[in-house]
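In numbering that gives the first Met the number 0, the protein residues as written are 0 to 170.
Notes follow the structure.
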Amino acid sequence: MTVQTSDDVLKCVEDLVDAAKQKAVNGVDITVNKVFKFTSKLVIDFDNSRRKNPELIEVPLTFTDEQDPFNSYWDLEAGPYMVGYGQKVNVPLDCVGVILPRSTLMAGGVYLASALWDSGYSGYGRGLFLVTNPHGIRLYNKARIGQIILLKTAKKLATGYAGTYQNEKKR
């Protein structure tokens, strides 16, 4: 597998806030769109016959600036959250995607976890946002929290991902 250039990744990402600011050396920065809290447990099994995703409730912005949405923010306490991304990603049939946290998050005691984005996946996606800093985080609306990279696979697939999260809507 080889890492694709940021120019190649840019072609696969929609709804950018500012392409020049979001373009990184080897990928594209992904922004936060919504924040959610877990209100029930996950049920998971081998064949997905009993799978049940946890219920989520949206965390409202702590402060809303009607004039400039970039000034709006969430003050989050330590704990686990789910974040919805602001960009739609279209993974080519000859690549897989990975979203990694921006290093500033980890330096501040916050981690963004992401699963592998399969070949052919298209959607907005979401990630586990784990605040371990006991003082929390002030997370501004549309903050760049992760970076998507694309890895070229050995062979292009005839058909790609067709699972539950295909065409995931913006949250």
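We put the beta carbon where it would ideally sit given N, CA and C, even for glycine.
With fewer than three CB-CB distances shorter than 8 Å, the segment 109–128 does not count as touching the segment 39–53. Judged by their CB atoms, ASN140 and SER71 are nearer to each other than the 7 Å cut-off. GLN146 is a Cβ neighbour of ALA23, given a cutoff of 7 Å. In terms of Cα proximity to GLU13, the closest of ASN25, ALA157, ASN89 is ASN89. Beta-bridge partners of ALA112 (DSSP): LEU127. Residue environment for PRO79: exposed (fewer than 16 other C-beta atoms within 10 angstroms of its C-beta).
For ALA142, the closest alpha carbon among the candidates GLN3, PRO91, VAL82, GLU57 is that of VAL82. Here the C-alpha atom of THR103 lies approximately 29 Å from the C-alpha atom of PRO91. When DSSP states are grouped into helix, strand and coil, ASP6 belongs to the helix group. Between the beta-carbon of GLY85 and that of VAL2 there is about 23 Å, and that puts the pair past the 8 Å contact cut. The residues VAL88, ASN89, VAL90, PRO91, LEU149, in chain order, have a CB closer than 7 Å to that of CYS11 in the same chain once the five nearest residues on each side in sequence are set aside. Each of GLY96, PHE35, LEU75 was checked against the Cα of THR4, and the nearest Cα belongs to GLY96. Taking each of VAL42, ASP46, VAL8 in turn and checking the Cα distance to ILE29, the smallest one comes out for VAL8. Contact between ASP74 and GLY124 is ruled out by a C-beta separation of about 24 Å, above the 8 Å threshold. Secondary structure note for LEU104: it is in no beta strand (DSSP E), and the uninterrupted alpha helix (DSSP H) holding it is 102–106. With respect to the C-alpha of VAL130, the residue from GLU76, VAL34, VAL27 having the closest C-alpha is GLU76. Listed as beta-bridge partners of LEU150 by DSSP are VAL2, VAL95.
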